[in-house]
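One line per chain: the protein sequences are A and B, in this order. The working numbering applies: residue 3 is where the first sequence begins, and numbers increase by one. The working numbering applies: residue 3 is where the second sequence begins, and numbers increase by one.
There are 2 protein chains.
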Amino acid sequence: MNDTAIRDPELTRARILESAFELFVDKGFAAVSVREIAERSEVTKSLIHHHFGGKEGLWEAVKEQAFARYYQGQKEELTRAERPGPELLMNGVVRYFEFLRDNPGVVRLFAWAHMEGDSSCSERDGQLVGLGAERVRQAQEKGLLRADVNPTHVVTIFVSLCTQWFEAREHHIDWPGMGTDDEFLDDFLKVFMEGLLPRPDQPKA
Amino acid sequence: MNDTAIRDPELTRARILESAFELFVDKGFAAVSVREIAERSEVTKSLIHHHFGGKEGLWEAVKEQAFARYYQGQKEELTRAERPGPELLMNGVVRYFEFLRDNPGVVRLFAWAHMEGDSSCSERDGQLVGLGAERVRQAQEKGLLRADVNPTHVVTIFVSLCTQWFEAREHHIDWPGMGTDDEFLDDFLKVFMEGLLPRPDQPKA
DNA sequence: GCATTAACTGGCCGACCGGTCAATTGCTGT
DNA sequence: ACAGCAATTGACCGGTCGGCCAGTTAATGC
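What follows is the structure in structure tokens.
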């Protein structure tokens, strides 16, 4: 009657994914209804089912789209051949920090996924941490980092810190005395990197 | 007919709160139904409404019960008069770490509350961090801790690390190379306490 | 003992949930 | 041109949601 009604399934899928992403980020899986997503992306509920098989399938697709880029980038970062040492570690931390800062939606989606016990995330996380830990171990062997700490713990420390900073950002950003993102990163690196220096006074406690 | 049907509103409230706590911890607010809670605590749905005014009211009551003890304990800890310094800071971290280790349900409930943007939590958190930061600042003035880092950031670092460790515990606990709770705490204290020592080489950069 | 109050029950409500299905409509290959 | 297929629609399903209300029953105060 009125509209030309052209069809573009790719665009439709993309619109659904985007709306779903925003809503899931905001409220989590359980608190979002398929109707809500349909309304925001201006498609019918049935169409979502057609493209993604249902609410669960859409949730998985949203997570996959959001995390794929992250995992790929981090993996490339970590397998890139550079000589390990404090600078490499620090650069890794900075890049990780900046990625989270620039992708707050991904951070929150990650948090929701973790809360509901998503296992595929933690498997891939584990691989990334393993790669990072290996780089730390190499640096320890060369005497560039103190050797009396578990390399996996070192990676976990800075990943946890970056993650928690941005997960709780909206809560603590206006606490008295709290600095900006960059100021926090500076302070954290100051303490962390110097705490990781080889111990010249007592090389093997 | 059969049962004596004695009434104990206190116990009833407690049973409801306990069941609700377990379910909310497990699945979060949105994914738990009032019927579920009623069934587990062996009362009727209506009775929950009678005692707590509804699902939302029960959620608030559960959070309050879970967090009250935590906030009180931490506040006492932080206002106790001890001379500030590295040992006090380290003891505070250890006690906080152990509290989270011994109360995994509270950790998860906290995480859910944070995700859905609970503001009363973050207000009280802010007060606690403020108290801790003041102690760090005093230690800095006395030259017991390096003075070129923001005290609020120092506290945030420790809190974030403990929090994130236990929030993500089930995911990373069996990653290759990952140690136990105590081993992680040891390593993390090693790095940060030494990173926080006053800089003798360059006292004021 | 008897009235008042609070604890407690079962049933019901309208709203919304995710999912299904038959039917329509626009593309696409031949 | 037309067959086949995927995209898309709207109506409908059984089930569950949180909440409400009228009634019943146990404690409590006088």
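Ideal Cβ placement from N, Cα and C applies to all residues, glycine included. Because the structure is a prediction, the values reported are computed rather than measured.
### Task
Would you mind sorting residue 174 of chain B into buried or exposed? The rule is 16 or more other CB atoms within 10 Å of its CB.
On the second sequence, position 172 is the one that residue 174 of chain B refers to. Under this definition residue 174 of chain B is a buried residue.
### Query
When the Cα atoms are used, what is the spatial distance from residue 67 of chain B to residue 155 of chain B?
For the purposes of this step, residue 67 of chain B is taken as the residue at position 65 of the second sequence. For the purposes of this step, residue 155 of chain B is taken as the residue at position 153 of the second sequence. Each residue's alpha carbon lies about 29 Å from the other.
### Separation of residue 13 of chain B from residue 42 of chain A, as counted between CA atoms
The residue you call residue 42 of chain A lines up with position 40 of the first sequence. The residue you call residue 13 of chain B lines up with position 11 of the second sequence. If you take the alpha carbons of residue 42 of chain A and residue 13 of chain B, they lie about 46 Å apart.
### Task
Measure from the C-beta of residue 183 of chain B to each C-beta in chain A and report whether the shortest distance is under 8 Å.
Locating residue 183 of chain B in the second sequence gives position 181, counting from the first residue. No, because no Cβ of chain A sits closer than 8 Å to the Cβ of residue 183 of chain B.
### Query
Between the C-alpha atoms of residue 30 of chain A and residue 31 of chain B, what's the straight-line distance to the nearest angstrom?
By 1-based counting over the first sequence, the position of residue 30 of chain A is 28. By 1-based counting over the second sequence, the position of residue 31 of chain B is 29. If I take the Cα positions, the gap works out to 10 Å.
### Query
Can you round the beta-carbon distance between residue 88 of chain A and residue 146 of chain A to whole angstroms, since I take them to be within the 8 Å contact cut?
Locating residue 88 of chain A in the first sequence gives position 86, where the first residue counts as 1. Locating residue 146 of chain A in the first sequence gives position 144, where the first residue counts as 1. Yes, they are in contact, since the Cβ atoms of residue 88 of chain A and residue 146 of chain A sit about 6 Å apart, within 8 Å.
### Query
Run through DSSP, which three-state label would residue 170 of chain A get?
Taking the first residue of the first sequence as position 1, residue 170 of chain A is located at position 168. In the structure shown, residue 170 of chain A sits in coil (DSSP, three-state: anything other than H, G, I, E or B).
### Residue nearest to residue 138 of chain B in terms of C-alpha spacing, selected from B:40, B:124 and B:157
If you number the second sequence from 1, residue 138 of chain B lands on position 136. The residue with the shortest Cα to Cα distance from residue 138 of chain B is B:157.
### Task
Using a Cβ-Cβ cut-off of 8 Å, state whether residue 105 of chain B counts as contacting chain A.
Working through the second sequence from its first residue, we reach residue 105 of chain B at position 103. It does not: the Cβ of residue 105 of chain B has no partner Cβ on chain A nearer than 8 Å.
### Task
Report yes if the CB atom of residue 199 of chain A is closer than 8 Å to the CB atom of residue 141 of chain A, and no otherwise.
By 1-based counting over the first sequence, the position of residue 199 of chain A is 197. By 1-based counting over the first sequence, the position of residue 141 of chain A is 139. In this structure, residue 141 of chain A does not lie closer than 8 Å to residue 199 of chain A by Cβ.
### Message
Determine whether the beta carbon atoms of residue 187 of chain A and residue 159 of chain B lie at a separation below 8 Å.
### Response
On the first sequence, position 185 is the one that residue 187 of chain A refers to. On the second sequence, position 157 is the one that residue 159 of chain B refers to. No; because the gap between Cβ atoms is not below 8 Å, this pair is not in contact.
### Query
Considering only the beta carbon of each residue, do residue 161 of chain A and residue 72 of chain A sit closer than 8 Å?
Counted from its first residue, the first sequence places residue 161 of chain A at position 159. Counted from its first residue, the first sequence places residue 72 of chain A at position 70. Against a cut-off of 8 Å, the Cβ pair of residue 72 of chain A and residue 161 of chain A comes out as no contact.
### Message
Quick check: is the beta carbon of residue 75 of chain A nearer than 8 Å to any beta carbon in chain B?
### Response
Here residue 75 of chain A refers to the residue found at position 73 when the first sequence is read from its first residue. Not one chain B Cβ lies under 8 Å of residue 75 of chain A.
### Residue from A:44, A:38 and A:69 with nearest C-alpha to residue 57 of chain A
On the first sequence, residue 57 of chain A is found 55 positions in, with the first residue counted as 1. Nearest C-alpha to residue 57 of chain A: A:38.
### Task
Note down, in chain order, every chain A residue with its Cβ under 8 Å from the Cβ of residue 198 of chain B.
For this step, residue 198 of chain B is matched to residue 196 along the second sequence. The answer, in chain order, is 193 and 197.
### Query
Pairing CB atoms from the stretch 167 to 181 of chain B with CB atoms from the stretch 69 to 85 of chain B, are three or more of them under 8 Å?
no
### Query
residue 115 of chain B CB to nearest chain A CB: under 8 Å?
On the second sequence, position 113 is the one that residue 115 of chain B refers to. No, no contact with chain A.
### Task
For residue 104 of chain B, count neighbouring C-beta atoms within 10 Å of its own C-beta (all shown protein chains included) and say buried if the count is 16 or more, exposed if not.
Residue mapping note: residue 104 of chain B aligns to position 102 of the second sequence, counting from 1. Residue 104 of chain B should be labelled exposed.
### Message
Give me, in chain order, the residues of the same chain whose beta-carbon lies closer than 7 Å to that of residue 10 of chain B; leave out the 5 immediate sequence neighbours on both sides.
### Response
As a working note, residue 10 of chain B is residue 8 in the second sequence. Nothing listed; no residue qualifies.
### Query
Relative to the alpha-carbon of residue 196 of chain B, which residue among A:179, A:55 and A:150 has its alpha-carbon at the smallest distance?
To locate residue 196 of chain B, count along the second sequence from 1; it is residue 194. The shortest Cα separation from residue 196 of chain B among A:179, A:55 and A:150 belongs to A:150.
### Message
At a CB distance below 8 Å, what residues from the stretch 153 to 185 of chain A approach chain B? Give them in sequence order.
### Response
153, 154, 155, 156, 158, 159, 162, 163, 165, 166, 167, 169, 170, 172, 173, 174, 177, 178, 179, 180, 181 and 185
### Query
Looking at chain A, which residues of the stretch 31 to 53 of chain B have a Cβ within less than 7 Å of any of its Cβ atoms?
32 and 33
### Below-8 Å beta-carbon distance, residue 10 of chain A vs any chain B residue
Here residue 10 of chain A corresponds to residue number 8 of the first sequence, with the count starting at 1. No, no contact with chain B.
### Message
Rounded to whole angstroms, what is the Cα-Cα separation between residue 4 of chain A and residue 21 of chain A?
### Response
Position 2 of the first sequence, counted from the start, is the residue given in the question as residue 4 of chain A. Position 19 of the first sequence, counted from the start, is the residue given in the question as residue 21 of chain A. Because residue 4 of chain A carries a pLDDT of 42, less than 50, the predicted location of this residue cannot be relied on, and the following value inherits that uncertainty. Roughly 26 Å separates the two Cα atoms.
### Spatially closest choice to residue 79 of chain B from B:44, B:65, B:101 and B:112, by CA coordinates
Looking up residue 79 of chain B in the second sequence gives position 77. When each option's Cα is compared against that of residue 79 of chain B, the closest is B:101.
### Query
So, does the CB of residue 145 of chain B fall closer than 8 Å to a CB anywhere in chain A?
For this step, residue 145 of chain B is matched to residue 143 along the second sequence. It does not: the Cβ of residue 145 of chain B has no partner Cβ on chain A nearer than 8 Å.
### Task
Could you name the residues of chain A that residue 128 of chain B contacts, counting a contact when the two beta carbons are closer than 9 Å?
By one-based count along the second sequence, residue 128 of chain B stands at place 126. Chain A residues near residue 128 of chain B: 173, 174, 176, 177, 178 and 180.
### Task
Go ahead and label residue 206 of chain B buried or exposed: buried means 16 or more other beta carbons lie within 10 angstroms of its beta carbon, across all protein chains shown.
Along the second sequence, read from residue 1 onward, the residue named residue 206 of chain B stands at position 204. Because residue 206 of chain B carries a pLDDT of 43, less than 50, the predicted location of this residue cannot be relied on, and the following value inherits that uncertainty. Residue 206 of chain B is exposed by the Cβ-count criterion.
### Task
Check each candidate in A:60, A:93 and A:115 and name the one with the smallest Cα separation from residue 191 of chain A.
One-based indexing of the first sequence puts residue 191 of chain A at position 189. Of A:60, A:93 and A:115, the residue nearest in Cα terms is A:93.
### residue 150 of chain A - DSSP class collapsed to helix/strand/coil
What you label residue 150 of chain A is simply residue 148 of the first sequence in a count that begins at 1. Coil.
#### Entry: Test: residue 124 of chain B CB closer than 8 Å to a CB of chain A
By 1-based counting over the second sequence, the position of residue 124 of chain B is 122. So, interface residue.
### Task
Please confirm whether residue 134 of chain B and residue 178 of chain A have their CB atoms less than 8 Å apart.
Position 132 of the second sequence holds residue 134 of chain B. Position 176 of the first sequence holds residue 178 of chain A. Taking 8 Å as the Cβ cut-off, residue 134 of chain B and residue 178 of chain A do not qualify as a contacting pair.
### Message
Taking the straight line between their C-alpha atoms, what separation do you get for residue 65 of chain B and residue 50 of chain B?
### Response
To locate residue 65 of chain B, count along the second sequence from 1; it is residue 63. To locate residue 50 of chain B, count along the second sequence from 1; it is residue 48. Distance between the alpha carbons of residue 65 of chain B and residue 50 of chain B is about 16 Å.
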